[in-house]
Amino acid sequence: MNTTSAQLDFLLNDFVGRVPHVTHVIAVAADGLLIASNNTLPRDEAERLSAIASGLTSLLAGAARSLQADPVISNLTEMNGGFMFSRSVSSGASILALAGLNCDIGQVGHELANLINQVGPALTPAARQVYAAQYQQH
């Protein structure tokens with residue numbers, strides 16, 4: 001599937017609207033910069049989360065290498081107010097989703113894996129440039 005920026009925005013917004021208790025989702029390029037986010041997340045917050053996702057992905061990859069383990073596919077972080085899901089894409093990009101405490105962790109993880117299958121090939125630095133250009137037009 002060749003996912004355009006508009007399709008990517010639609011899929012991220014659909015994910016937040018469809019998966020119970022998920023509040024935000026972002027797509028992050030391998031270089032750590034924001035590709036896309038759901039439309040209820042302010043741009044500056046999405047960019048901050050993008051840096052967090054990139055740092056988390058890098059730390060987990062380093063830990064896996066140090067332990068001579070296979071690459072990290074996903075990570076779940078429990079916080080006082082909810083959960084942060086991070087899932088890697090083969091291109092080095094990642095998806096980060098935030099969900100409330102009442103979420104079904106299994107459902108969110110499953111839906112996130114399905115989302116990765118849909119959008120994974122579109123998560124490149126080139127896609128980020130298209131998204132940034134569209135954002136500047138609004």
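Quick note: the sequence shown, position 107, residue 107 per my numbering, numbers continuous. From the three backbone atoms N, C-alpha and C, an ideal C-beta is built for every residue, glycine too. This structure is a prediction, so every number in the text was calculated from the model and none was measured.
> Below 9 Å between beta carbons: does that hold for L41 and H24?
Replying inline: Taking the sequence shown and counting its residues from 1, the one referred to as residue 41 is at position 41. Taking the sequence shown and counting its residues from 1, the one referred to as residue 24 is at position 24. Going by C-beta atoms, L41 is nearer than 9 Å to H24.
> How many angstroms separate the CA atom of V119 from the CA atom of A113?
Replying inline: Against the sequence shown, residue 119 aligns to sequence position 119. Against the sequence shown, residue 113 aligns to sequence position 113. The straight-line gap from Cα to Cα measures roughly 10 Å.
> Can you tell me whether A36 is buried or exposed, with buried defined as 16 or more other CB within 10 angstroms of its CB?
Replying inline: For this step, residue 36 is matched to residue 36 along the sequence shown. Classification of A36: buried, given that the 10 Å Cβ count is 16 or more.
> What did DSSP end up calling L96 once you bin it into helix, strand or coil?
Replying inline: Here residue 96 refers to the residue found at position 96 when the sequence shown is read from its first residue. Correct three-state label for L96: strand.
> What alpha helix (DSSP H) runs, 4 residues minimum, are completely inside the segment 14-62?
Replying inline: none
>> Can you list, in chain order, the residues of its chain with a C-beta nearer than 7 Å to that of T57? Leave out the 5 residues immediately preceding and following it.
In response: Stepping through the sequence shown from its first residue, residue 57 is reached at position 57. Here the set comprises S86, S88, S94.
>> Counting C-beta neighbours from all protein chains within 10 Å, is the total for E45 16 or more, i.e. buried, or is it exposed?
In response: Taking the first residue of the sequence shown as 1, we reach residue 45 at position 45. It counts as exposed.
>> Among V19, H110, D31, L12, whose alpha-carbon lies nearest the alpha-carbon of S91?
In response: Taking the first residue of the sequence shown as position 1, residue 91 is located at position 91. It is D31.
> Using a Cβ-Cβ cut-off of 8 Å (strictly less than) and excluding sequence neighbours within five positions of P71, which residues of its own chain qualify?
Replying inline: In the sequence shown, the residue the question calls residue 71 occupies position 71. Once the five neighbours on either side are set aside, the close Cβ partners of P71 are A61, A64, S88.
> Closest by CA to A51, which one among L33, S66, R43?
Replying inline: Indexing the sequence shown from 1 puts residue 51 at position 51. The residue with the shortest Cα to Cα distance from A51 is L33.
>> Does N75 come out as helix, strand or coil in the three-state DSSP assignment?
In response: As a first step, residue 75 is located in the sequence shown; it is residue number 75 there, counting from the start. Three-state DSSP puts N75 in a strand.
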